[in-house]
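Q: Here the sequence shown is numbered in my numbering, starting from 96 and rising by one per residue.
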Amino acid sequence: MRLQAYENAVIYKERTKRYHDKNLVRKEFYPGQNVLLFNSRLKLFPGKLKSKWSGPFVVKEVSPHGAVELQDSGSSQTFKVNGQRLKPYKGGEIPTERVSLVLNDP
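#1: Quick check on the DSSP output: what are the complete beta strand (DSSP E) runs of length 3 or more inside the region 120-175, in order along the chain?
#2: Could you tell me whether the region 120-139 touches the region 150-168, where touching means 3 or more Cβ pairs closer than 8 Å?
#3: Below 8 Å between beta carbons: does that hold for Gly202 and Gly161?
#4: For Leu98, which of helix, strand or coil comes out of DSSP?
#5: Can you tell me whether DSSP reads Asn177 as helix, strand or coil?
#6: Hey, out of Asn129, Ala100, Asn118 and Tyr107, whose CA is closest to Gly169's CA?
#7: If you run the structure through DSSP and keep just helix, strand and coil, what is Lys182?
#8: Hey, how far is the Cα of Val120 from the Cα of Lys182?
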């Protein structure tokens, strides 16, 4: 009975892994492409309306193990990040200025 329970657990894990892996989307990056970088340090500054994505950055080099070297579009500074923290940039303007609104009591 114990052996059968172990086999059922193995089958369940394989089916669950197949189900989750089926929904994963592979991201392909190439040099010269514009990408956005996920800002994971945003938790230190609570704010509902802050954007979690920064950029756009230009891809300089892609390594086979998933690391991507980025270049800031405003300067020539380069740095390496994990490819899972990136998403392709489709275009358009990203507002960088901060807007404040003062509410007055009536």
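By construction, the Cβ of each residue, glycine as well, lies at the ideal position given by its N, Cα and C atoms.
A: By the coordinates alone:
#1: 129-133, 148-157 and 162-167, all fully within the region 120-175.
#2: Contact between the region 120-139 and the region 150-168 is present, with at least three C-beta pairs closer than 8 Å.
#3: For the chain, the structure presents residues 96 to 201; residue 202 sits outside this window and is missing.
#4: Annotated three-state conformation of Leu98 is helix, per DSSP.
#5: In this structure, Asn177 counts as strand in the three-state DSSP scheme.
#6: For the residues Asn129, Ala100, Asn118 and Tyr107, the minimum Cα distance to Gly169 belongs to Asn129.
#7: In this structure, Lys182 counts as strand in the three-state DSSP scheme.
#8: Spanning the alpha carbons of Val120 and Lys182 requires a straight line of approximately 11 Å.
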